[in-house]
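Chains as they are written, first to last, in this note's numbering: chain A, 1 to 212; chain B, 213 to 424; chain C, 425 to 636; chain D, 637 to 848. By construction, the Cβ of each residue, glycine as well, lies at the ideal position given by its N, Cα and C atoms. Data block below; observations after.
Protein chains: 4
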Amino acid sequence: MPPTHNSSKDELDSAEAEVRPVRGRPRSEDSHEAVLGAVLDILDKEGYGALTIEGVARHAGVGKQTIYRWWKSKPELVLEAYANHSASKLPMPDKGDVTADLESFFCGACKRLNDISGPTMRGLMADAVYDPEFLEILRDVLIAKRRDALMQVLARGVARGQLRADADLVVMTDTLLGAVWYRLLVQHAKLDSRFAKQLVNDCLNGYAPRGR
Amino acid sequence: MPPTHNSSKDELDSAEAEVRPVRGRPRSEDSHEAVLGAVLDILDKEGYGALTIEGVARHAGVGKQTIYRWWKSKPELVLEAYANHSASKLPMPDKGDVTADLESFFCGACKRLNDISGPTMRGLMADAVYDPEFLEILRDVLIAKRRDALMQVLARGVARGQLRADADLVVMTDTLLGAVWYRLLVQHAKLDSRFAKQLVNDCLNGYAPRGR
Amino acid sequence: MPPTHNSSKDELDSAEAEVRPVRGRPRSEDSHEAVLGAVLDILDKEGYGALTIEGVARHAGVGKQTIYRWWKSKPELVLEAYANHSASKLPMPDKGDVTADLESFFCGACKRLNDISGPTMRGLMADAVYDPEFLEILRDVLIAKRRDALMQVLARGVARGQLRADADLVVMTDTLLGAVWYRLLVQHAKLDSRFAKQLVNDCLNGYAPRGR
Amino acid sequence: MPPTHNSSKDELDSAEAEVRPVRGRPRSEDSHEAVLGAVLDILDKEGYGALTIEGVARHAGVGKQTIYRWWKSKPELVLEAYANHSASKLPMPDKGDVTADLESFFCGACKRLNDISGPTMRGLMADAVYDPEFLEILRDVLIAKRRDALMQVLARGVARGQLRADADLVVMTDTLLGAVWYRLLVQHAKLDSRFAKQLVNDCLNGYAPRGR
DNA sequence: GACTAACCGAGACGGTACGTCCCGTCTTAAG
DNA sequence: CTTAAGACGGGACGTACCGTCTCGGTTAGTC
Chain A
1 MPPTHNSSKD
11 ELDSAEAEVR
21 PVRGRPRSED
31 SHEAVLGAVL
41 DILDKEGYGA
51 LTIEGVARHA
61 GVGKQTIYRW
71 WKSKPELVLE
81 AYANHSASKL
91 PMPDKGDVTA
101 DLESFFCGAC
111 KRLNDISGPT
121 MRGLMADAVY
131 DPEFLEILRD
141 VLIAKRRDAL
151 MQVLARGVAR
161 GQLRADADLV
171 VMTDTLLGAV
181 WYRLLVQHAK
191 LDSRFAKQLV
201 NDCLNGYAPR
211 GR
Chain B
213 MPPTHNSSKD
223 ELDSAEAEVR
233 PVRGRPRSED
243 SHEAVLGAVL
253 DILDKEGYGA
263 LTIEGVARHA
273 GVGKQTIYRW
283 WKSKPELVLE
293 AYANHSASKL
303 PMPDKGDVTA
313 DLESFFCGAC
323 KRLNDISGPT
333 MRGLMADAVY
343 DPEFLEILRD
353 VLIAKRRDAL
363 MQVLARGVAR
373 GQLRADADLV
383 VMTDTLLGAV
393 WYRLLVQHAK
403 LDSRFAKQLV
413 NDCLNGYAPR
423 GR
Chain C
425 MPPTHNSSKD
435 ELDSAEAEVR
445 PVRGRPRSED
455 SHEAVLGAVL
465 DILDKEGYGA
475 LTIEGVARHA
485 GVGKQTIYRW
495 WKSKPELVLE
505 AYANHSASKL
515 PMPDKGDVTA
525 DLESFFCGAC
535 KRLNDISGPT
545 MRGLMADAVY
555 DPEFLEILRD
565 VLIAKRRDAL
575 MQVLARGVAR
585 GQLRADADLV
595 VMTDTLLGAV
605 WYRLLVQHAK
615 LDSRFAKQLV
625 NDCLNGYAPR
635 GR
Chain D
637 MPPTHNSSKD
647 ELDSAEAEVR
657 PVRGRPRSED
667 SHEAVLGAVL
677 DILDKEGYGA
687 LTIEGVARHA
697 GVGKQTIYRW
707 WKSKPELVLE
717 AYANHSASKL
727 PMPDKGDVTA
737 DLESFFCGAC
747 KRLNDISGPT
757 MRGLMADAVY
767 DPEFLEILRD
777 VLIAKRRDAL
787 MQVLARGVAR
797 GQLRADADLV
807 VMTDTLLGAV
817 WYRLLVQHAK
827 LDSRFAKQLV
837 NDCLNGYAPR
847 GR
């Protein structure tokens, strides 16, 4: 039996000490890295759709089994490679003004999505459609990270009295992130900072006429 | 060369006269319907991911070539089957009140997405990720239909003075539809009428405190 | 380098003193026996073709390396297990009559081949086809044993004047044993005592008309 | 369902008109020949053990499925290639003397077995050990052909009074062919014409002293 | 009524990737 | 120095579909 797939979730979200089995040859860090490296390489050069387990194995100089031993599926593999790589540096601006914070947050997001990040994110989401188990992981790792970051920004806004005290932050998060994902997926309009600012401001002020 | 794929777009959006070749055996309506029927059957029973051209041909008792002759790809095939089927009945409520109209619009949408519609929509979107050509079609057929319907509702709101005259309706549309798609794809929360109403109201009123 | 494979040959044919290394943990008799036991088990339950080193190790609760350390290949392993087990008891009848001796010899052989012995013998021979090194061992251990036994019977026949003095005993051996192997492998006819007797008598008397 | 594997048996043994299904693309003779050619090539250059379906497909420039479509297994594939190739030219000498006929028959057989024929025959027999279904085919195609040829020679000997009228020709066949197979498989002695002649003569005259 | 063109089903074709199995080697900690 | 455990690179397995192709057989005009 395989040693419990290191469902990237564990590795990423918690400090839990990846319990190495006492006996047997230990996992090769070289291979591990070679695989993740190959994934990023292929992701970059040929895109998410062209990435196959077989191709990764070939490119990494690794047996296929070695991949199947540690990752349940292609998207989990990509997720780890991608999450490890772009690990991170989610901006959590705190300038004292929720509008400025949000604009900063979404301008950054849009910028990143116009790099390699965009296609990969789309690919991961697409794969999650077919694979519920992976959706769970994607949600718990990648999506949750972004939601949490945003949520903190919003919470600070509420604390400062810059957002209504009774605002449903979950729905607000869905609205803001949803709009970005929607443009990312449908690709009917640009994801630029103009859009980011408009989105933030409209969302804060609403579309109904003010001050009636 | 095949006789111009009847890219469902044409068939659905315009009245353009499907140029029938002058001579030769005409297209078999039986086969046409058998194929679309098989697609819906499989979509329903086994899901979008398990749908293959080979399987459709088998299930419909039709040669593979017959499918490739008339449809460029799996997702286009599905799109026609699906669009023909759920053809339509997009609600375009007009009650004189933009809030009521929007609530009605999104409650209906959420309800439909909780039936068979949801998985198929997700599947179509997933395929669009891998196939840009199909994305174009999906966008122009299915997505645009919904956007246009919503846009009309919003335009009436503006006309009635219930929405700010300077509102960017495109961004507003992205925001509203994006939130729904986001929940549909990520599946972290229910798509129910509570959500629909909250979404509409928050979007109209904004999250910033009013009447400062 | 491994400690000289105890090519079963050595173990079986000679008394040569299995040179034990002076230091370090001694060979585990438990493991040794567990392996041989597993081999016989699998041989019996799943047949020769389904026997793999990996399977033996699993079944015996033993590391693969432990097998590779002591046996060069699957067939050598099987040979030791099998030879140890059916060790021996080759009948070497000596009733004073070569015909009777031979009939006894071959009736016994046929009987044994109709038990478990048959499939294993066929499997060993099959493996020997692919592995010349193993063929050598099979020939020197199992085959030679039988040839030698038969040869002695024949030699006694010559001594008694019951076989022609100028008979080529090697060819005779090939003829008798070959017929049995041939039926065992081709399986076009039964290996029963009727066959054994017919074989012996025809071989002794020849097929040409006598006493012209 | 595959179109009934052309179990080489049918093709070779009888005149039955390989009923081509009326519909669908017909079998490609080019591919068929390319595959058989590749088999013989590999058989010749790398030997029976190194022959894999994958390798044949690669070498023949053919999809794996095309092989699996028409042949059930590696040995059946080899059998057709080999039988088609060495199809054939089994000597059926008829010189009026059974001794001469048999010597001619077995000298020829030994000679052929010392060419490529030998290893392939051994390989086929080995595979038959693991695959009963194939054993049946091997027996009915290759083995039976040789048995029948020999049997005719023997029958003529009986007719001419050169063999005992009551001789059990089946056992005699087993004896003669068995001795050859035995040497072929065990490889403890040469398969040369000296052996062939000795075998034939001893078999005819018997090992018991004559003219008592 | 024959000809021609485009259709139809069937299904074979060269490919690519799948996920599994086992090979024989290697690298641990424990005994 | 052996042991059990088990990861490693490799390679073949047999299967599923891909999109293309090639048959014999329809089913309409057009000549």
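When secondary structure is reduced to three states using DSSP, C:GLN622 falls in the helix class.
Rounded to whole angstroms, B:ASN413 and B:TYR394 show a C-alpha spacing of 18 angstroms.
Excluding the 5 residues flanking it on each side, D:VAL794 has same chain C-beta neighbours closer than 7 angstroms at ALA801, ALA803, in chain order. Among the residues of the stretch 63-87 of chain A, none has a Cβ less than 7 angstroms away from any Cβ of chain B. When the beta-carbon positions are compared, D:HIS824 and C:ARG563 come within less than 7 angstroms of each other. Straight across, the Cα-Cα distance linking A:ARG210 with B:SER316 is about 23 angstroms. Assignment of D:ASP680 by DSSP, reduced to helix, strand and coil, places it in the helix class. The shortest C-alpha to C-alpha distance from D:ASP767 to any of D:GLY683, D:GLY754, D:LYS708 is the one to D:LYS708.
Within chain A, ASP168, VAL171 have C-beta atoms less than 8 angstroms from the C-beta of B:GLN410, given in sequence order. With a minimum length of 4 residues, the unbroken runs of alpha helix (DSSP H) contained wholly in the stretch 739-771 of chain D fall at 753-766. Taken through DSSP and simplified to helix, strand or coil, C:LEU587 comes out as coil. Taking 7 angstroms as the cut-off, the Cβ atoms of D:VAL698 and D:ALA670 count as close. Chain C places no beta carbon closer than 7 angstroms to that of D:VAL789, leaving this residue out of the contacts. A distance below 7 angstroms between beta-carbons, with the five flanking residues on each side excluded, links A:LEU163 to the following residues of its chain, in chain order: VAL98, LEU154, GLY157. Proximity of B:ALA312 to chain A, defined by a Cβ-Cβ separation below 7 angstroms, is not satisfied.
Under the three-state reduction of DSSP, C:LYS488 is assigned to helix. Secondary structure note for D:PRO711: its alpha helix (DSSP H) is the uninterrupted segment 710-721. The criterion of a C-beta distance shorter than 7 angstroms is satisfied by D:ILE703 and D:ILE689. For the stretch 538-568 of chain C, residues whose beta-carbon sits nearer than 7 angstroms to a beta-carbon of chain D comprise ARG546, GLY547, MET549, ALA550, VAL553, TYR554, LEU559, ARG563, ILE567.
Separation of B:LEU289 and A:VAL186 (C-alpha to C-alpha, rounded to the nearest whole angstrom) is 19 angstroms. Taking a 10 Å sphere around the C-beta of C:GLN489, we find fewer than 16 other C-beta atoms and assign the residue as exposed.
Per DSSP, the unbroken alpha helix (DSSP H) holding B:GLY390 starts and ends at 381-398. Its Cα nearest to that of D:HIS668, the residue D:ALA696 stands out among D:TYR684, D:VAL777, D:LYS681, D:ALA696.
Residue burial is scored here from C-beta neighbours: A:GLY123 has at least 16 other C-beta atoms within 10 angstroms and is therefore classed as buried. Using a Cβ-Cβ cut-off of 7 angstroms, B:ARG395 counts as an interface residue toward chain A, since at least one Cβ of chain A sits closer than that to its own. In the displayed model, C:GLY520 falls within coil according to three-state DSSP, outside both helix and strand. DSSP places A:ARG58 in the helix class (H, G or I) of the three-state scheme. Contact check for B:LEU381 and B:ASN326: beta-carbon distance about 27 angstroms, past the 8 angstroms limit, so the pair fails to qualify.
Exposure of D:ALA686 is indicated by the presence of fewer than 16 other C-beta atoms within 10 angstroms of its C-beta.
Taking C-beta atoms under 8 angstroms as the contact rule, C:LEU623 and D:THR811 qualify, at a distance of about 7 angstroms. Inter-residue distance for D:TRP706 and D:ALA674 is about 15 angstroms (C-alpha atoms, whole angstroms).
A Cβ of chain B is located within less than 7 angstroms of the beta carbon of A:ASN205. Just measuring C-alpha positions, the residue of A:LYS45, A:VAL129, A:ALA100, A:ARG160 sitting nearest A:PRO75 is A:VAL129. Neighbourhood of A:ALA57 in chain B, by CB distance below 9 angstroms: empty, with the nearest CB roughly 21 angstroms away.
About 7 angstroms separates the Cβ atoms of A:LEU177 and A:LEU150, confirming a contact at the 8 angstroms cut-off.
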